[in-house]
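Sequential numbering from 451 applies to the sequence shown in my numbering.
The beta carbon of each residue, even a glycine, is placed where N, CA and C say it ideally should be.
Note that the coordinates shown come from a computational prediction; the quantities given were computed from them, not determined experimentally.
Encoded as C-alpha cells, the structure appears first; notes follow it.
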Amino acid sequence: MGFTIFALIFGLLVLLCFMLTIYMFLRLVIAVTTGKEVPKWMYNIGQGFQGRIHIDYDDITESAALKAALLFFFVYVLANISCIGIIFYMTNNFTLSLYRCLKFQLGLAVISLIIYHLFQLILGLISNHKNKIFRLYSASNAVIAGLFISLFTLTLFVSMIGFPEKPVVVQIDKSNIIVGETKASTLLSDGFYFLEKSADSEIVNNRNDHFYYGELLEIFRDDKSYGFVSVTPTLKDSDKLKNCTITYYRIPADSEVLSEVRFNNTDLSKLSIDDFRERDLTDIFSLHPIEYEEVKNDISFTLKIQPSDYVIWKRYSVEADFDSLYKPDKYGVRAQHTIWE
Numbered sequence: 451m452g453f454t455i456f457a458l459i460f461g462l463l464v465l466l467c468f469m470l471t472i473y474m475f476l477r478l479v480i481a482v483t484t485g486k487e488v489p490k491w492m493y494n495i496g497q498g499f500q501g502r503i504h505i506d507y508d509d510i511t512e513s514a515a516l517k518a519a520l521l522f523f524f525v526y527v528l529a530n531i532s533c534i535g536i537i538f539y540m541t542n543n544f545t546l547s548l549y550r551c552l553k554f555q556l557g558l559a560v561i562s563l564i565i566y567h568l569f570q571l572i573l574g575l576i577s578n579h580k581n582k583i584f585r586l587y588s589a590s591n592a593v594i595a596g597l598f599i600s601l602f603t604l605t606l607f608v609s610m611i612g613f614p615e616k617p618v619v620v621q622i623d624k625s626n627i628i629v630g631e632t633k634a635s636t637l638l639s640d641g642f643y644f645l646e647k648s649a650d651s652e653i654v655n656n657r658n659d660h661f662y663y664g665e666l667l668e669i670f671r672d673d674k675s676y677g678f679v680s681v682t683p684t685l686k687d688s689d690k691l692k693n694c695t696i697t698y699y700r701i702p703a704d705s706e707v708l709s710e711v712r713f714n715n716t717d718l719s720k721l722s723i724d725d726f727r728e729r730d731l732t733d734i735f736s737l738h739p740i741e742y743e744e745v746k747n748d749i750s751f752t753l754k755i756q757p758s759d760y761v762i763w764k765r766y767s768v769e770a771d772f773d774s775l776y777k778p779d780k781y782g783v784r785a786q787h788t789i790w791e
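Here you go:
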C-alpha cells in the first residue's frame, strides 16, 4: 500500500509541475499583452536553467520572449507528432504508439531543446548580419525549464506505473472470473462453494508474499472441484470471505473438469507443450496487451501483462507448468498489486 501512496504523491507532483508551467506561460502572455514585466522569480528560474555553456539571458519581457516560448512549443509538438507517426508506421497500433511516446518524453524534450537552440543560433546569425539586436530571454527560458522538468517527471512516472491493461478472464462453464476484480460473492451466487469455508468466514491477508495473497482455497460446484483460488481482502487486512477479491486461479491439468475451463476463451484441455514452445503466449490466449513479457523455460511458461511495477495498475500473469515428462501439470492466472502486499 505504501508504494501505491508514493506513486500517487509522485503523480500529484507531476501534475503540479505542469500546472506551474502553464501558470508561468500565462503570466508571460499577460505580461506581454499588458506591457508589464513577469515576476522576478521567473527571471531567476530562466537564468538558472542552464546547459554546459553558461548563457546570460536578458531579464526583459517583450513579444519576442513569447514568440521564443511558442517556438519551443511548436518544435516539441512536432517532435511528438513525428514520434507517434514513426511508431505507428512500425506497429500499426495507435495506443502502443502513444504509450511509447509518453515513455520517450524526456528524450523528445532534449531533442526539442537541441533543435530550438539551433533555430535560435540561426536567428541570431541572421540578426547579426542585419545589424539587429538579438536577445535570449530568461522569461521564455523559465517556461521552457518548467516544461522540461514536467516532462522529466512525467517520464519517470510513466516508467514507474506502466500502462493499464485488460484483465484476463477465466471462464468456468457459464461463469466468469475476472482475476483481480471478481468478488467471492459472485462465485457463491453462481453456485460455487469453498472447501471448509462459509460466506461469512474470516479471511486474513498476512501480506508476507508477493504472489499469493489472502488464503488459497479449493472451490467446488456440484461436488466437483474446479481448482483453487486466492481470496484476498480488498483494502483490509481481514474481511469476510464474501467480500474478498479473487486474485489468483489455478487448476491442475489432470482435473476432470479441465475441458470446462478456459482462459480468455482458450480451451486448456487442447493445449500441449509444443504450443507453448512454438507459439507466442499472446497468440495462444488471444491477448493483445500493450506491454508484456514472455518467460519461457523448459517446462514453465509465463506471460506477464503490464510488467512494470504494479503500484497503480495491476499486473496480470498467465502461467502454464509441465512435469518432467512434458505433460501438462497446472495452469494459472494471477493478479498482483501493492495494495495486497
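DSSP bridge partner residues for residue i (one or two, in chain order)
i           : result
residue 767 : 754 and 784
residue 778 : 772
residue 761 : According to DSSP, which records beta bridges pairwise, residue 761 is partnered with nothing at all.
residue 746 : 751
residue 690 : 652
residue 619 : 628
residue 716 : 713
residue 644 : 669
Test item: CB-CB of residue i and residue j under 9 angstroms
i           : j           : result
residue 782 : residue 769 : yes
residue 612 : residue 470 : no
residue 703 : residue 718 : yes
residue 760 : residue 788 : yes
residue 713 : residue 678 : no
residue 492 : residue 559 : no
residue 598 : residue 499 : yes
residue 633 : residue 695 : yes
residue 688 : residue 655 : yes
residue 547 : residue 561 : no
residue 553 : residue 511 : no
residue 740 : residue 543 : yes
residue 569 : residue 521 : yes
residue 700 : residue 780 : yes
residue 693 : residue 635 : yes
residue 778 : residue 721 : yes
residue 513 : residue 482 : yes
residue 461 : residue 607 : yes
residue 551 : residue 572 : no
Nearest-angstrom beta carbon gap, residue j and residue i [assumed within contact, 8 angstroms]
i           : j           : result
residue 640 : residue 651 : Residue 640 to residue 651, Cβ: 18 angstroms. No contact.
residue 708 : residue 644 : About 20 angstroms; that fails the 8 angstroms criterion.
residue 676 : residue 629 : Contact doesn't hold; Cβ gap of about 14 angstroms is too wide.
residue 762 : residue 457 : 5 angstroms
residue 622 : residue 710 : 6 angstroms
residue 766 : residue 618 : 5 angstroms
residue 565 : residue 527 : Actually they are not in contact, since the Cβ atoms of residue 565 and residue 527 sit about 12 angstroms apart, beyond 8 angstroms.
residue 615 : residue 497 : Wrong, their Cβ atoms sit about 44 angstroms apart, outside the cutoff.
Other residues of its chain near residue i: CB distance less than 6 angstroms, five sequence neighbours each side excluded
i           : result
residue 600 : 467, 468 and 471
residue 749 : 772
residue 758 : 612
residue 508 : 585 and 587
residue 515 : 587, 589 and 590
residue 764 : 630, 785 and 787
residue 662 : 680
residue 455 : none
residue 751 : 726 and 770
residue 745 : 752
Boundaries of the beta strand (DSSP E) in which residue i is found, first to last residue
i           : result
residue 677 : 674-682
residue 695 : 695-702
residue 653 : 652-654
residue 633 : Careful: residue 633 lies outside any beta strand (DSSP E) and carries neither H nor E.
residue 711 : 711-713
Neighbourhood of residue i by C-beta distance below 7 angstroms, restricted to the same chain and skipping five residues each side
i           : result
residue 647 : 667 and 691
residue 474 : 492, 592, 593 and 596
residue 574 : 584
residue 488 : 477, 478, 481, 511 and 589
residue 556 : 601, 602 and 605
residue 545 : 740
N-terminal and C-terminal residue of the alpha helix (DSSP H) that residue i is part of
i           : result
residue 497 : 490-498
residue 477 : 452-484
residue 524 : 513-541
residue 668 : Premise fails: residue 668 lies in the beta strand (DSSP E), 665-671, not in any alpha helix (DSSP H).
residue 508 : It is not in any alpha helix (DSSP H) - residue 508 carries neither H nor E in the DSSP assignment.
residue 658 : From DSSP, residue 658 is part of no alpha helix (DSSP H); its letter is neither H nor E.
residue 725 : 723-728
residue 590 : 588-611
residue 550 : 544-553
residue 731 : 731-734
Chain-order list of residues whose beta-carbon lies under 8 angstroms from that of residue i (same chain, five-residue window excluded)
i           : result
residue 674 : 706 and 707
residue 669 : 637, 642, 643, 644, 645, 675, 676, 677, 678 and 679
residue 660 : 786 and 791
residue 540 : none
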